[in-house]
Amino acid sequence: MENNDKFLSQDLLESYAIRLLSGPLNGCEYEILNGRVLVIVGNDVSLGRSDSFSELPENTIVIPYGELTGSFEVIITTDPDLVV
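If you use the working numbering, the sequence shown corresponds to residues 83 to 166, in order.
Below is the structure:
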């Protein structure tokens with residue numbers, strides 16, 4: 083993932099983390115590096131297959147969770163065009 087000038091400075095990013103509150107990784111906390119983190123949810127079988135993903139960025143959290151599948155990205159930015 084690219085490091086964009088519009089993302090927060092490294093000083094501010096040091097205080098951001100994502101904490102999982104339920105599921106198999108309940109209580110796990112992950113630091114958000116470079117202003118973004120990719121979260122992928124899937125069942126144990128599909129997540130273990132080598133053809134599931136070509137290559138994942140280093141700031142990716144993979145959550146094994148039953149039959150549910152999906153993904154989302156958390157982006158921390160000061161760019162008003164990206165704020166939802």
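A virtual CB, placed ideally from N, CA and C, is assigned to each residue, including glycine.
- Per DSSP, Glu-149 lies in no beta strand (DSSP E) segment and is marked neither H nor E.
- Ile-114 counts as buried, since no fewer than 16 other beta carbons sit within 10 angstroms of its beta carbon.
- Beyond the five residues adjoining it in sequence on each side, Gly-148 comes within less than 8 Å, by CB distance, of Asn-125 in the same chain, given in chain order.
- Secondary structure of Ile-100 (DSSP, three-state): strand.
- Between the alpha carbons of Gly-105 and Val-119 lies a distance of about 19 Å.
- The residue among Gly-152, Ile-122 and Pro-146 with its C-alpha nearest the C-alpha of Pro-139 is Ile-122.
- Apart from the 5 residues on each side of it in sequence, Leu-164 sits with its Cβ closer than 7 Å to the Cβ of Ile-157 in its chain, given in chain order.
- Residue Asn-108 holds the alpha-carbon nearest to the alpha-carbon of Pro-146 among Ile-100, Glu-155, Asp-161 and Asn-108.
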